[in-house]
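Student: One structure follows; several queries about it will come next.
Number of protein chains: 2
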Amino acid sequence: MALRPASPEGDTRQQILQRAITLFAGAGYAGVSVRDVAAQVGISAAALYHHFPDKQALYLAAMEHAFARNESGILAALESERSPLERLSGFVTGFVALAAGDQEFSKLVQRELLDGDEARLELLAEHVFRHPHAAIVALARELAPDLDSYILADSVIGLVLFSFQTAPLRRYLAGRAGPPERPEDIARHVMTLLTRVFARQDAP
Amino acid sequence: MALRPASPEGDTRQQILQRAITLFAGAGYAGVSVRDVAAQVGISAAALYHHFPDKQALYLAAMEHAFARNESGILAALESERSPLERLSGFVTGFVALAAGDQEFSKLVQRELLDGDEARLELLAEHVFRHPHAAIVALARELAPDLDSYILADSVIGLVLFSFQTAPLRRYLAGRAGPPERPEDIARHVMTLLTRVFARQDAP
DNA sequence: GTCTATAGCCTGATAGAC
DNA sequence: GTCTATCAGGCTATAGAC
Chain A
0 MALRPASPEG
10 DTRQQILQRA
20 ITLFAGAGYA
30 GVSVRDVAAQ
40 VGISAAALYH
50 HFPDKQALYL
60 AAMEHAFARN
70 ESGILAALES
80 ERSPLERLSG
90 FVTGFVALAA
100 GDQEFSKLVQ
110 RELLDGDEAR
120 LELLAEHVFR
130 HPHAAIVALA
140 RELAPDLDSY
150 ILADSVIGLV
160 LFSFQTAPLR
170 RYLAGRAGPP
180 ERPEDIARHV
190 MTLLTRVFAR
200 QDAP
Chain B
0 MALRPASPEG
10 DTRQQILQRA
20 ITLFAGAGYA
30 GVSVRDVAAQ
40 VGISAAALYH
50 HFPDKQALYL
60 AAMEHAFARN
70 ESGILAALES
80 ERSPLERLSG
90 FVTGFVALAA
100 GDQEFSKLVQ
110 RELLDGDEAR
120 LELLAEHVFR
130 HPHAAIVALA
140 RELAPDLDSY
150 ILADSVIGLV
160 LFSFQTAPLR
170 RYLAGRAGPP
180 ERPEDIARHV
190 MTLLTRVFAR
200 QDAP
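Chains as they are written, first to last, in numbering that gives the first Met the number 0: chain A, 0 to 203; chain B, 0 to 203.
Have a look at this one:
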């Protein structure tokens with residue numbers, strides 16, 4: 000499974016999935032036609048139907064592909080043996096880099112949150128969020144035992160993702176002159192906030 | 000403009016807008032046909048074209064209507080003369096209530112963030128976010144002069160909205176047995192976090 | 001202001017040749 | 001595995017009667 004270097008048939012299939020991810024991320028399921036995807040690959044719609052039985056199956060396979068290619072990345076930072084706050088910082092940095100580097104992924108997640116049926120939401124939870132979410136819940140329990148760890152974990156993820164979701168709007172809200180924030184800026188800001196949240200209040 | 004009680008023509012137009020908001024929020028621009036909207040109102044598609052020149056104009060009018068009906072609500076809490084932290088709490092409570100009470104509105108905002116062109120994003124910024132955003136920026140500057148007020152304001156809004164965006168996914172993430180959180184729970188949690196962020200660290 | 005009818009195009013999907 | 005050709009149906013939008 001690891002060696003064979005892109006068998007000829009699998010190559011077209013991979014290319015279809017890649018183009019489909021880009022198009023679906025940009026315009027959503029209803030906004031993309033099978034012909035659109037085929038045209039991007041450079042084949043006819045009929046040829047695409049040789050690789051996937053129907054549009055729904057193509058969409059689902061594209062989701063699985065997009066989610067799987069990001070599955071491992073998020074976890075690395077959480078697995079280390081450093082202090083809780085350092086592990087949290089590692090996760091935030093890695094998650095910001097992921098969201099910034101693969102914006103198609105971020106958009107697909109957003110679209111699934113809006114339109115995903117039960118099966119696709121479970122796929123998203125399983126492949127993308129289940130493991131890191133559990134790790135952050137544990138982390139939150141260590142860092143702030145007095146708060147609800149589950150809601151806290153959601154907030155950590157939310158602080159990162161929301162920065163990217165609202166990026167298109169930020170241009171129209173006053174006060175921001177220069178270019179959009181760099182990923183490092185976002186990660187640093189989120190950690191500034193979280194450090195304050197998790198700081199033990201030793202004083203009154 | 001205030002007295003005339005629903006002139007006969009305006010009534011159909013209002014009904015079209017109302018149904019369009021519901022449908023567009025549920026399935027997006029590409030996922031809803033003009034026939035769908037007309038059928039919901041109980042008229043033919045041709046009749047709908049008497050009220051709006053084309054589908055794009057119908058969509059834009061629906062957005063304006065959905066945004067306008069929420070314009071005033073968010074602001075009330077921010078205008079009072081209480082302490083900064085009380086005003087923040089008032090905003091969070093009001094904003095959570097808005098997002099929970101009008102989920103069509105929340106969905107439309109999400110969809111616009113994904114698919115909105117420049118004109119519609121500016122509409123969204125102007126009618127929905129500009130004024131409260133500016134107020135929260137000012138609030139953030141009062142509460143934490145050492146942090147970036149703009150990013151901080153985004154985070155406040157993000158903490159609230161993200162709780163609702165991820166609600167469909169939460170069902171598939173471990174640890175949550177009971178029913179989804181009530182709006183009051185979300186508001187209280189967000190304020191718990193923000194109170195910690197804004198607490199002046201008097202001790203080392 | 002609403003209807004029926006229809007033009008012209010795009011859609012998902014299939015048949016059959018190569 | 002890919003093509004051309006095609007089908008049946010849905011789409012936006014318009015024409016014209018009432």
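In this text, a Cβ means the ideal position worked out from N, Cα and C, and glycines have one as well.
Compute the beta-carbon to beta-carbon distance between residue 171 (chain A) and residue 114 (chain A), rounded to the nearest angstrom, for a pair I have assumed lies under 8 angstroms.
Tutor: Residue 171 (chain A) to residue 114 (chain A), Cβ: 25 angstroms. No contact.
Student: Below 8 angstroms CB to CB, which residues in the same chain sit around residue 93 (chain A) once its five sequence neighbours on both sides are set aside?
Tutor: 72, 73, 75 and 76
Student: Please determine, among A:148, A:62 and A:97, the residue with the shortest C-alpha to C-alpha distance to residue 124 (chain A).
Tutor: A:62
Student: Measure the C-alpha to C-alpha separation of residue 157 (chain A) and residue 159 (chain B) and round it to an integer number of angstroms.
Tutor: 9 angstroms
Student: At what residues does the alpha helix (DSSP H) containing residue 165 (chain A) begin and finish?
Tutor: Run containing residue 165 (chain A): none; DSSP gives neither H nor E here.
Student: Using only the alpha-carbon positions, how far apart do residue 139 (chain B) and residue 147 (chain B) sit?
Tutor: If you take the alpha carbons of residue 139 (chain B) and residue 147 (chain B), they lie about 8 angstroms apart.
Student: With a 10 Å radius around its C-beta and 16 neighbouring C-beta atoms as the bar for buried, classify residue 167 (chain B) as buried or exposed.
Tutor: Buried.
Student: Please confirm whether residue 58 (chain A) has its beta-carbon closer than 8 angstroms to some beta-carbon of chain B.
Tutor: no
Student: May I have the straight-line CA-CA distance separating residue 56 (chain A) from residue 47 (chain A), to the nearest angstrom?
Tutor: 12 angstroms
Student: If you run the structure through DSSP and keep just helix, strand and coil, what is residue 198 (chain A)?
Tutor: coil
Student: Assign residue 45 (chain B) to buried or exposed, taking buried as 16 or more other Cβ atoms, counted over all protein chains shown, within 10 Å of its Cβ.
Tutor: With fewer than 16 Cβ atoms within 10 Å of its Cβ, residue 45 (chain B) is classed as exposed.
Student: Please state whether the Cβ-Cβ distance between residue 103 (chain B) and residue 152 (chain B) is less than 8 angstroms.
Tutor: no
Student: Can you name, in chain order, every residue of its own chain whose Cβ lies under 8 angstroms from the Cβ of residue 173 (chain A), other than the five neighbours on each side?
Tutor: None.
Student: Between the beta-carbon of residue 121 (chain A) and the beta-carbon of residue 83 (chain A), is there less than 8 angstroms?
Tutor: no
Student: Whose CA, out of A:80, A:38 and A:23, lies closest to the CA of residue 134 (chain A)?
Tutor: A:80
Student: At what residue ranges does the region 125-158 of chain B contain a whole run of the beta strand (DSSP E), taking only runs of 3 or more?
Tutor: For the region 125-158 of chain B, not a single whole beta strand (DSSP E) run of length 3 or above is found.
Student: For the alpha helix (DSSP H) containing residue 204 (chain A), name the first residue and the last one.
Tutor: Residue numbering for chain A in the displayed model covers 0 to 203; residue 204 (chain A) lies beyond these limits and cannot be assessed.
Student: Among A:41, A:30, A:58 and A:137, which residue has its Cα nearest to the Cα of residue 116 (chain A)?
Tutor: A:58
Student: Using a Cβ-Cβ distance under 8 angstroms, would residue 20 (chain A) count as near chain B?
Tutor: It does not; no Cβ of chain B falls within 8 angstroms.
Student: Grouping DSSP H, G and I as helix and E and B as strand, with all else coil, what is residue 185 (chain A)?
Tutor: helix
Student: Taking 8 angstroms as the CB-CB cut-off, is residue 131 (chain A) touching chain B?
Tutor: So no, residue 131 (chain A) is outside the interface.
Student: Between residue 190 (chain B) and residue 86 (chain B), what straight-line distance do the alpha-carbon atoms span, to the nearest angstrom?
Tutor: Each residue's Cα considered, the two are about 11 angstroms apart.
Student: Can you tell me the Cβ-Cβ gap for residue 179 (chain A) and residue 169 (chain A), rounded? I've got them flagged as a contact below 8 angstroms.
Tutor: Cβ-Cβ separation between residue 179 (chain A) and residue 169 (chain A): approximately 7 angstroms, consistent with a contact (criterion under 8 angstroms).
Student: Straight-line CA distance for residue 18 (chain A) to residue 143 (chain B)?
Tutor: 45 angstroms
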